[in-house]
Amino acid sequence: MELKWKIKPFEALTVHELYDLLKVRSEIFVVEQNCVYLDIDGKDKKALHLIGEYDGKIVAYSRLFDAGISFDNASIGRVVVDANYRDKKWGHDLMREAIAGIKANFGKDKITIGAQLYLKKFYESHGFVQSSEMYLEDDIEHIEMIRGE
Numbered sequence: 001m002e003l004k005w006k007i008k009p010f011e012a013l014t015v016h017e018l019y020d021l022l023k024v025r026s027e028i029f030v031v032e033q034n035c036v037y038l039d040i041d042g043k044d045k046k047a048l049h050l051i052g053e054y055d056g057k058i059v060a061y062s063r064l065f066d067a068g069i070s071f072d073n074a075s076i077g078r079v080v081v082d083a084n085y086r087d088k089k090w091g092h093d094l095m096r097e098a099i100a101g102i103k104a105n106f107g108k109d110k111i112t113i114g115a116q117l118y119l120k121k122f123y124e125s126h127g128f129v130q131s132s133e134m135y136l137e138d139d140i141e142h143i144e145m146i147r148g149e
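Using UniProt numbering, the first residue of the sequence shown is number 1, and each one after it goes up by one.
Next up, the structure:
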């Protein structure tokens, strides 16, 4: 059981892909986490979109950014795995693909993320180190983490 991975700039996304990735983001970040916030933040047009598909359905996703868009370093954001597939541990595959995607597309090794605090150990397992104190973003505890310093 493997995911099919693809990375696309915003302009190359099909209408169906855009709808499906926004749907999975909304299911996780708005509904599951019970957080009212503006997911469509103007950065999608500047991102590369990493999509993991299983059986024709988007089940894993993240945004990849070059340096200077979200942070001074390259960055990864909106990291999601469909709740129905989390038992597959595809989040680790997603992070490996995202890190490789940053390197392949932007030539960068140094990556900064704004991580939900409860996922600290997950991101540490991918080489990220906490680089800030805890802060609230949309009433959810976050920390900045850096990889490749």
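Idealized CB from N, CA, C, for every residue including glycine. All values reported here derive from a predicted model rather than from experimental measurement.
| Asked | Found |
| --- | --- |
| Beta strand (DSSP E) runs contained entirely in the segment 41 to 128, provided each spans 3 or more residues | 48 to 54, 57 to 65, 74 to 81 and 111 to 116 |
| Cα-Cα separation, ILE69 to MET1 | 34 Å |
| Option nearest ILE99 by Cα separation, candidates ALA115, ARG147, GLU17 and LEU21 | ARG147 |
| Neighbourhood of GLN116 by C-beta, 8 Å cutoff - its chain only, sequence neighbours within 5 removed | ILE140, GLU141 and HIS142 |
| Cut-off 6 Å between Cβ atoms - residues of its own chain near ALA67, not counting five sequence neighbours on either side | ASN73 and ALA74 |
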